[in-house]
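As structure tokens, the structure follows; a few thoughts come after it.
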Amino acid sequence: MVITFHWQDERTQRQHTKLKKKLQEKQKGPDPGSRPALKRGRSSEEGDERESVAEEEESVQVVTDLLSSVQAPQVAELSSRNALLQWAPPLRLSESASNDSGTNEIDIPESELWYEVLLSDRGRDASRGEMKFKSIYKGPSHSCRIKDLKPGQEYSVSLQVHLDELQGYATDPVKFLTPSCEPDQPQAPKLGAKTKNSLQLRWSQVPDNGSRIQYYVLEYDAGKGGEFEEVHRIRSRTQYNLQKLQPATTYRFRLAAVNEVGRSAYSEPVSFRTTDMPPPQPAPPTLLAASVSSLHVQWQRRVEDEEYTLQMNDLRTKYGHLSVYNGRDTSYVCQRLASFSDYVFRLRATNEGGISSWSEEVTFRTKPDRPERPSKPVVKGRIHAYSFRLKWEPPNRVDGAEITRYILEVNSGSGYEVAYAGPDTEAVCDRLTPGTTYQLRVSCASAGKHQNALHSLPFSGSSLFWNGFPGGQSVPSDPCTVTSEAIGPGVCGAPTLMERAGPNSVTVSWAEPDYNGGAPVLDYELEMTNPDSSRVIVHKSKDTQCTVDRGILPGQEYAFCVRAVNRICAGPWSECLKVVSGAAPPAAPNGISLICRSAFHIFLEWREPQNNGALVTEYQLEVNTENPEDVSQFSSLYQGPQTSFDAKNLLPFHTYFFRVRAFNSAGPGPYSTVAATLTPPAAPSAPTILRSEATPTTIALWWAEPASNGAAITSYNIDVNGEQLINLEAPLERYRIDNLHPETHYKIRIQAVNTVANGQFSPVWKTTTSRLPPAAPTLETIGVGHNYLKLKWGEGKNLDFTQFFVEMENTRSREWQCVYRGTALSCKVNKLHESTIYKFRISASNDAGTGDYSPEYRFSTSVAPPAVLKVPRVVEVDQSGCSIEWVSSAKNGFDDSIIYQVQIARAKDPIYKQAIFLFQVHRSSETKCAIQSLEPGTEYLARVCSVRVTAAGDLPGPYSPPLTFATTSADVSAVTKLSSHATPIHSTKNRNMATLLLHGVSFKRFYKENLVYIWALLLTVVGIVMSLGIASFL
């Protein structure tokens, strides 16, 4: 929040700063970690804080009064649906508040003000005396247009001014009444009931918009589809019954509402139709399809028909006509009927006008059922490889129809197919496959019109007999299983190579024969023809793949053929496959010669091995630096046609193991014998600097020991900025460089040295020495209490963000404990004991480090005041005196003596005066006193406080809550008025002691008793006024 002030003196500027700080604290909210302030102790510092809070509240009140001086808004324009509000800025944009030292003026720019408009309508809350406002606008404008108002509605509007987080009081509500208007557009009428000559319409109430609805206007088009004409004006009801309408006619309606202002818009047109006349007699139903157990009938649909009722009469049951269908469809399937039976049907139609008469009766018949199935077929005679004969018996029941045809079906695994169709009861199945199992079944067909349909169908499977044949065909018989005789297997496929022929083995495979002869293949025989034309069986098993690894020589031609064998006999040989065996890999190269030309270079050379029938194409050289027995540790070093190689970039003083092998078209040969050599030592490698730590005058370095390359490291050289070379005689791995300058950049390199030579320098390490840490500031106290000490150090602001550490010595353990850590220049130490000396010390820290602690400082806490007492109570009261007593507090944690001070005052003029009894009691003694010289029939207030008696003087505590009592009147001797829980008048109205002194009674007596205090107060006020005048003059 930003408030612009124009101050005239230092006091005004300080007041502005405090007000701004308080507004910021209100925005942030209370600190959850802060401790609540103590209410019992009083000190000069708390008095200053209360005075500061009073000044801040006074400033906030000035701003609030300024914002509350705005006038109520004015209604500039008003219609049924909207209103325009206008207002002016607050009457006072500056406010002056006077005090003892001068005046200050607060100016607020008008551009920083925001206006909030609050609106309320007279609804159900207004009937109970309540008005709820809602915010409809908030902004810097001086006008606002309110929309979407209700016609004929009374509204109240108020205005409130905002300045950031502060706001003024809302103005008094301004009431206005929106004008009435025509009613809203009604909804379309709804149909309640209808007949062929009447329609009953209903509709909902319409909002009257501030003027009572006089009547509704109902219009229709008279069923002609032309212009609308008025039917009736309805005054109070929301329904109307139209009579004398035409049957089966569509009417269009619309509705409007009328009040004193005018007529509303018409509703959306809606159409309703009257019912029709009863339909005439329908035509009889016709047969669409018939089956053994169902009849599918249909009938014609007419415009005037809505529903149909179909009845059926089963002549066998003699139950008469029974309803089998009722609905809007024009066809129906009657199921679960008897085969070859007659049924009588009739139909009638229904609509809203009534029911038609029954149609003429018609009779339909179902089809006859299929005959029973024949017996299971059996084999007649011997079973051959390609044919056999079957016979069967006719069915036992044919339902009076003659069997004209038998259908024999055969299934070889791919579904049933027709093998025979004719009148005979036996048939021959030929063109069979040897060694195949067949399933056979037979069905029959009866005479009649179904016979023609049977002859017209093709014989292509069992599905035809189950789904395609009419009811005259029987179900197939139980199947019989027959297996034809087997023969020898067919020719196998010619053998083929599975992979490239090896020098000592050949892998071939072949395909199974196209036909196994009706019996499973037991074995395959593979025959090999050698180069000398001799034949030998090299394989006999069920596998169709074989690897021949015996008797194969490299580079020779061989021929292979195969045949299949089943339980009957062996099949013919397949075509031959001719194969030439491949070459063998070369032998291992002869011994490797090794020549060390330097610590990083070895020259290797070997001789060409035996090629085994194919030229050597390349060599592969491998190296191992760990264990020659571990084959996985070898890695490829060279691969090419040369018989020598220069191995470079090797490690000094390191053992290397080498081996080599040769390659030809047959593949890689075996490895040679492993050869080993040791490289000579060399100068060490460059060190690696790990880290460094810098102080204002030193730099500590840590580095990793480099590779010694075969000779132990004897020393290190450290180069600083290229100007200073430090020689370390021992092989250390850390070193501290001293006598450096603070805040200086340095470039450092390190070099290792062994008996061979000096190694390379490490990469440049850049670092900077830090600055010196800050010195400890001076510690002093700026506030002392019985349980806290407020410490301060330094002046101005901490622009460098230096960290301060304040430590206090524990009085029991004699250890130093940190009580504050931060960048502030003051702190407050709480939870201390009264009249106790505490030791403190302080140190400062920044990015350069932490400085030394300051000398010890000793500070002491003050004496704690006694605790507050509970409300006293009256023991006895009469016309001129009373006796009161109280309970001593058990919360005092000290052993000093306590005296009690009692004050009384009149209730109507509460200026307390000290009672004449001022006495000292012990903790265990009674706490009460008697008060005399009171006026009869008067109401008084009494309060008590504890006073701690110390060596330094008396320390009073807070007063107890007041007790209200009344003395008895002169004519009534037994009236006592007690109120131990009354709320003090001066407390509820927040009056101070100065206000109470101005309203005192018996001023002369008070002046005599408190003369010394009055003169001391006057002198204090005069001194304050003079000091303020001198300060303002300077």
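Going by our numbering, the sequence shown opens with residue 137, and the numbers climb by one from there.
Don't be surprised by glycine CBs; every beta carbon is placed ideally from N, CA and C.
Give the straight-line distance between the Cα atoms of residue i and residue j, rounded to the nearest whole angstrom.
i     : j     : result
T903  : L786  : 35 Å
L255  : P343  : 22 Å
D450  : I491  : 24 Å
A212  : A384  : 59 Å
I1020 : T1086 : 27 Å
K516  : F524  : 8 Å
M267  : G346  : 21 Å
E529  : F476  : 27 Å
V627  : G551  : 29 Å
V198  : M944  : 45 Å
G687  : E711  : 22 Å
P910  : R950  : 27 Å
K678  : P708  : 17 Å
T905  : I854  : 17 Å
N603  : H457  : Confidence at N603 is low in this model, with a pLDDT of 38, below 50, so its placement is unreliable and the value that follows should be read with caution. Computed Cα separation, rounded: 33 Å.
E865  : F789  : 24 Å
R907  : I978  : 20 Å
G128  : A306  : For residue 128 there is no data in the structure shown, the boundaries of the chain being 137 and 1170.
L1155 : S1096 : 30 Å
Run the CB neighbour count on residue i, radius 10 Å, all protein chains shown included, and call it buried at 16 or more, exposed below.
i     : result
A1110 : Because the pLDDT of A1110 is 38, which lies under 50, any placement of that residue in the model is unreliable, and the question is left without a value.
L473  : buried
D988  : exposed
K503  : buried
A720  : buried
P325  : buried
G1029 : exposed
F937  : exposed
S596  : Because S596 sits at a pLDDT of 34, beneath the cut-off of 50, its placement in the model cannot be relied upon, and the following sentence gives the value as read from the coordinates. Label assigned to S596: exposed.
T410  : buried
T1100 : buried
Y522  : exposed
Y455  : exposed
M448  : buried
W646  : buried
S1105 : exposed
R348  : exposed
Does the Cβ-Cβ distance between residue i and residue j come in under 9 Å?
i    : j    : result
R217 : P287 : yes
L88  : Y251 : Absent from the model: residue 88. The displayed extent of the chain is 137 to 1170, so no value can be given.
E496 : S400 : no
L717 : A783 : Checking the displayed sequence, the identity of residue 717 turns out to be Ser instead of Leu. No. Outside cutoff.
R509 : S613 : yes
R885 : W838 : no
L202 : R228 : yes
L757 : Q769 : no
R797 : P725 : yes
V920 : F976 : no
N760 : F793 : yes
A700 : E648 : yes
E442 : E488 : yes
N640 : P690 : yes
P420 : F481 : yes
Count the CB pairs spanning the region 1069-1076 and the region 1011-1023 that are closer than 8 Å, and state whether there are at least three.
Pairwise C-beta distances place the region 1069-1076 in contact with the region 1011-1023, as three or more of them are shorter than 8 Å.
Check whether the region 817-831 touches the region 742-753, taking contact to mean three or more Cβ pairs, one atom from each stretch, closer than 8 Å.
Two segments are said to touch when three or more pairs of C-beta atoms, one from each, lie closer than 8 Å; by this definition the region 817-831 does not touch the region 742-753.
Pairing CB atoms from the region 689-702 with CB atoms from the region 661-668, are three or more of them under 8 Å?
Result yes; three or more Cβ-Cβ pairs closer than 8 Å.
Taking only runs that begin and end inside the region 392-441, name each unbroken beta strand (DSSP E) of 3 or more residues, in chain order.
If we require 3 residues or more, the beta strand (DSSP E) runs fully inside the region 392-441 come out as 406-409, 422-426 and 431-434.
For the structure I just gave you, are there three or more beta carbon pairs, one from the region 542-549 and one from the region 574-583, closer than 8 Å?
With three or more CB-CB distances shorter than 8 Å, the region 542-549 counts as touching the region 574-583.
Check whether the region 731-739 touches the region 648-658, counting contact only when three or more Cβ pairs, one atom from each stretch, lie closer than 8 Å.
In short, these stretches do not touch, since the Cβ pair count stays below three.
What runs of the beta strand (DSSP E), each 3 residues or longer, lie entirely inside the region 837-904?
Those beta strand (DSSP E) runs which fall completely within the region 837-904 and span 3+ residues are 849-856, 860-864, 870-873, 881-890, 894-897 and 901-904.
For a minimum of 3 consecutive residues, which ranges assigned as the beta strand (DSSP E) are wholly contained in the region 593-680?
As summarised for the region 593-680, the continuous beta strand (DSSP E) elements at least 3 residues long and confined to that stretch are 616-619, 642-645, 659-665 and 671-677, given in chain order.
Within 8 Å, do at least three Cβ pairs link the region 190-210 to the region 284-303?
Yes, they touch.
Between the region 871-884 and the region 821-839, can you find at least three pairs of beta-carbon atoms closer than 8 Å?
The answer is yes - the region 871-884 touches the region 821-839, with three or more Cβ pairs under 8 Å.
Of all the beta strand (DSSP E) runs that stay within the bounds of the region 461-498, which reach a length of 3 or more residues?
Fully enclosed beta strand (DSSP E) runs of 3 or longer: 467-470 and 478-487.
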